[in-house]
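For the protein sequence lines, the chains are A and B, in the order given. Taking UniProt numbering, the leading residue of the first sequence gets 1, the next gets one more, and so forth. Taking UniProt numbering, the leading residue of the second sequence gets 1, the next gets one more, and so forth. We put the CB at the ideal spot given by N, CA and C, even for glycine. Please read the structure below before turning to the comments.
2 protein chains.
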Amino acid sequence: MSSTRHFSIALRRARIPRPRCAITPITVRVPSARAFSVSSTVQATKEIKYTTNAYPDLHRNPTFAEITAQDVTFFKELLGSQSAVIDGVTTDATDDIEPFNSDWMRKYRGHTKLVLKPQSTAELSKVLQYCNERKLAVVPQGGNTGLVGGGVPVFDEIVINTARLNKIHSFDDASGVLVADAGVILEVADQYLAERNHLFPLDLGAKGSCHIGGNVSTNAGGLRLLRYGSLHGSVLGLEAVLPDGTVVDSLSTLRKNNTGYDLKQLFIGSEGTIGIITKIAIQCPSRPKAVNVAYFGLESYDQVRAAFKEAKGQLSEILSAFELMDGRSQKLVSESTGNKCPLEGEYPFYCLVETSGSNAEHDMEKLETFLEHIMGEGIVADGVLAQDETQFQSIWRWREGITEALSHLGGTYKYDVSIPLPELYQLVEDCKARLTKMGFVGDDDSFPVRAVVGYGHMGDSNLHLNIAVRQYNKEVEKAIEPWVYEWIQKRNGSISAEHGLGLAKKEFIGYSQNDTMVKLMKQLKGLYDPNGIMNPYKYI
Amino acid sequence: MSSTRHFSIALRRARIPRPRCAITPITVRVPSARAFSVSSTVQATKEIKYTTNAYPDLHRNPTFAEITAQDVTFFKELLGSQSAVIDGVTTDATDDIEPFNSDWMRKYRGHTKLVLKPQSTAELSKVLQYCNERKLAVVPQGGNTGLVGGGVPVFDEIVINTARLNKIHSFDDASGVLVADAGVILEVADQYLAERNHLFPLDLGAKGSCHIGGNVSTNAGGLRLLRYGSLHGSVLGLEAVLPDGTVVDSLSTLRKNNTGYDLKQLFIGSEGTIGIITKIAIQCPSRPKAVNVAYFGLESYDQVRAAFKEAKGQLSEILSAFELMDGRSQKLVSESTGNKCPLEGEYPFYCLVETSGSNAEHDMEKLETFLEHIMGEGIVADGVLAQDETQFQSIWRWREGITEALSHLGGTYKYDVSIPLPELYQLVEDCKARLTKMGFVGDDDSFPVRAVVGYGHMGDSNLHLNIAVRQYNKEVEKAIEPWVYEWIQKRNGSISAEHGLGLAKKEFIGYSQNDTMVKLMKQLKGLYDPNGIMNPYKYI
């Protein structure tokens, strides 16, 4: 199919002038996983500050026991394999332990001396039962790709890593239900499903490292929630271990099962504070036969909203992503990768629109009609459409490369928020104006702030406000917080859309949840984890 | 577009002989709500047996207080309006109270003498606080369309009906989020959304009577879960009142909000046992521009499975329902309505396939290809496709009319179960064989069982096994239960897919949940409702 022919027909039908930059439509197959890797963004040059230094008001809970050599012996005997225990208590294993103590953003660093990697639910159950009886605090950890310090210790909490719980148990082609261990890497699960013509109903930048158990326990949202919905809908069942070692076997593979309280929901998004997820059963959609992606430049946020409204109406059931990136974010990606922006001019806003469907011709016709309309109406100033898989990947990198581009600049204050659409981008404008007025923003090294950028999942009203700093700076932090949370609270937004609370947002939950809700949450935490050993100092 | 032309082109392409009965495709608009009404099925001829007689082992919980004249005075003063209190305690209001005491299936009947209809969350909060302090048991009730006796009292529990909590509060066109009171009737909500080009993401036979709060509190599944997913995914927020009067305000309208435990999930499907839902915020999809429905006859259950597999693969993102009806169920509808089956011959199985999409031409092309394929392959023996809205309604009545047709026969033992697809229909065959062998099934009045029928939501592995009896019969019941539950347990199915537990399934939860899960559920019930006043004698 010739792209020119397709687009000229579309234009003739609508009797509108040809746009400045031709959009060349072509259908591409579903791409293999993108190349983004979390580990590549870690800079090894500078020591990471201990969380206990960054948060001097945090004190170790004195009711927790200290790990002894006897404890280590117990765990070594229990878990058997040498690779299952990284012991910095009785040996000097600092280098081996460090990757488990600190996060990839290099923002949080704990003091643990023990990492455990159980290989079965039974092992994990015994580990937790022992820890609970001994009052040894623990931190559940998956791929350690979190953004709020939820997956690394603060003091000497034992890290329980799920990397060795990594089996895919079953996939049923008729129902699309996958059953897999918590430690399976998201990309591995998706590749497995790709070979079976299905799709994991979640996709995010860290897919090459993150664990599906971590995704579920943090209720990850990602790039295609717009299309495939939340994990609260797609996770059909799960198995988890409570702090006292009780195995919660709620691993139903049924789409419908109304037999009592849906307790599994409590583990989705509870960030390892009431138990550790060991297995999940998840409903996976058929892999789309055709996927297209387009990338636009737009002159204003009002036009971005107009484009989204049209995409929702016209692309409807095939719309699988609508992402927003501001001009500054795209410049940073260009500087970081050395790639030239696919559009000629410069625009204050860019959007990425993806469709996924079962019929390439139909999808292309819908997309053409949409493109024709938004260009004809002057909603979009310029745009390109991927012509093959390489271009598909390359366009997606303009969206997915932002996190990595920012990580090269120094530190980043990351705010992942939900705001009703009309004011979504206003937060970035207001924040930039505030920090500029306070004299923090500038191009040379005397200014702490390099850039204030905004991007995110427009389709979910989910904005990522990122403030790139030359180094983490208390004064800048004070200028942003709690101002940013107050701003969001006034609009009934959420101070954490998809990243969770962890340590970073724990203090601020009151901006998005009322006192009654917080009280009920604490009551629930007390019910399941009376000794408070699960991921302490964080969440609520 | 001419239906004949379309289909003959399709046939020519596939080089297959013309089928016996031409399928005439045409696109119809989304229909207005169907005519099914729950109240019309109630037979007024015979007295309904008290539940306390049917379940002689149930005893009134002696810790509950008895309602006094002072209680009635308190409620009358609190709720103000005369229509808010139906008082059978100090007056003889038996006739007014009876509809609240018994269910529409005429299977359950309680002894309540007091019905309260609060008009605001604040009123409901005061009602519950008072009841909790006085230890007066209550039954939350919506449209009273339940199938498991969950919405009517057993003894003298006060009925708290949500009929006067019936305001639609807001709808946001950009996000598709509807905020409405619990007592809004599903059909009213859907009509409101239809005028705004959106759709309530749930549809079921009782839509003309059921309340959306009841739908959420029972986690209703219905006809289009296959397409729009479970309420655990689409309900974004809710407001509820706990037994002690605490108002749980979790009425977020955000698609993404990861700030703490998702407590609202506990109210979805908890059948009014830990609180009463007062408002919901729900994500509603755009109303499809084109909807088509086809109806087939098939020679075997293997062919039904093959047809479903093809529908899933070929109709993919536009498939919105795949319903299964056995031959006997369709004969009953024919007898009950006097309508002739749209197909010439008689078949052991029938399927209804619905598509919903944004482009009528594309949808029709996909549907034609699908029809061509399944007829060409001999999967389907005969079929028709709705040509206009009247036909659309009429075809759907062959599915939705089953419940009503059965209700004319006397009593019905209803089993709503999830079973993995390969054995889904086997349960009906096995049940029929068992009851026939035991001498229960026959055409004349000497046999207690008139018919064993199976139908349901094939797309969700959800079967409705219905055993129509001339009158409820303990011997038949003993022949079915626990045999049917054991059968399901062996296949890791669910003994209640979408109808819930209520009183009918309370005893049998152990067939679908293990002891640990039941223990955890009881623990949760104890946490939120320590006096046990909420919907007692039911659920877990």
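Taking the Cα positions, Gln-119/A is about 17 Å away from Val-72/A. Residue state for Lys-279/B is assigned as strand, using DSSP reduced to three classes.
Contact between the region 279–290 of chain B and the region 173–180 of chain B is established, with three or more Cβ pairs separated by less than 8 Å. Between Phe-322/B and Leu-226/B a beta carbon distance of about 6 Å is seen, short of the 8 Å cut, so the two are scored as contacting. If you draw a straight line from the Cα of Glu-239/B to the Cα of Met-521/A, it comes to about 15 Å. Within the same chain, Ile-67, Ala-69, Val-72, Lys-113 and Leu-114 come within 7 Å of Val-89/B by CB-CB distance, once the 5 residues on both sides are set aside.
By the Cβ rule, the region 343–352 of chain A does not count as touching the region 480–490 of chain A, because fewer than three pairs are nearer than 8 Å. Under a 10 Å Cβ-count criterion, Pro-530/A is classified as exposed, with fewer than 16 other Cβ atoms of the shown protein chains found around its own Cβ.
With the rule of 3 Cβ pairs closer than 8 Å, the region 293–313 of chain B does not count as touching the region 231–249 of chain B. Leu-128/A is a Cβ neighbour of Val-138/A, given a cutoff of 9 Å. Cβ proximity to chain A below 8 Å picks out Thr-246, Val-247, Val-248, Asp-249, Ser-250, Ser-252, Thr-253, Leu-254 and Arg-255 from the region 235–255 of chain B. Within chain B, not a single residue places a beta-carbon under 8 Å from that of Ser-170/A; the smallest gap is close to 12 Å. In this structure, the beta-carbon distance from Arg-287/B to Pro-422/B does not fall below 9 Å.
Out of Ala-405/B, Asn-161/B and Lys-478/B, the CA that lies nearest to the CA of Ile-277/B is found in Asn-161/B. In the DSSP annotation of this structure, the continuous segment of the beta strand (DSSP E) that includes Asp-326/B starts and ends at 319–326. His-464/A has a beta carbon lying at 9 Å or more from every beta carbon in chain B. Where Asp-87/A is concerned, the enclosing beta strand (DSSP E) starts and stops at 85–87. About 18 Å separates the CB atoms of Glu-157/A and Gly-213/A; that is not less than 8 Å, and the two are not in contact. In the structure shown, Ala-497/A adopts coil according to DSSP, grouped into three states. DSSP lists Glu-354/B as the beta-bridge partner residues of Val-293/B.
For Tyr-108/B, the nearest beta carbon of chain A is not closer than 9 Å to its own beta carbon. It is roughly 25 Å from the alpha-carbon of Tyr-192/A to the alpha-carbon of Phe-267/A. Where Arg-450/A is concerned, the enclosing beta strand (DSSP E) starts and stops at 449–457. Distance between Lys-505/B and Tyr-539/B, taken at the CA atoms: about 7 Å.
Boundaries cannot be given for Pro-482/B, as no beta strand (DSSP E) includes it and DSSP labels it neither H nor E. Along the region 491–521 of chain A, the positions whose C-beta sits under 8 Å from a C-beta of chain B are Asn-492, Gly-493, Ser-494, Ile-495, Ser-496, Ala-497, Glu-498, His-499, Gly-500, Leu-501, Lys-505, Ile-509, Ser-512, Gln-513, Asn-514, Thr-516, Met-517, Val-518, Leu-520 and Met-521, read in chain order. Taking C-alpha positions only, Ala-497/A is separated from Tyr-455/A by approximately 13 Å. With its beta carbon at least 9 Å from every one in chain B, Ala-180/A lies outside the interface. By the neighbour-count criterion, in which 16 or more other beta carbons inside 10 Å mark a residue as buried, Gly-439/A falls on the exposed side. Positions of the beta strand (DSSP E) runs, each at least 3 residues long and wholly inside the region 93–124 of chain B, are given as 114–116 in order along the chain. Under the DSSP assignment, Ser-418/B falls in the beta strand (DSSP E) whose first and last residues are 411–418. The criterion of a C-beta distance shorter than 9 Å is satisfied by Ile-395/A and Ala-386/A.
From the beta-carbon of Gly-229/A, the residues of chain B found nearer than 7 Å are Gly-229 and Gly-233.
Using a Cβ distance threshold of 9 Å, Thr-259/A and Leu-501/B count as a contacting pair.
Taking 9 Å as the cut-off, the beta carbon of Met-105/A is found closer than this to the beta carbon of Gly-411/A.
Within the region 230–257 of chain A, the runs of beta strand (DSSP E) at least 3 residues long that lie entirely inside it are, in chain order, 235–241 and 247–250.
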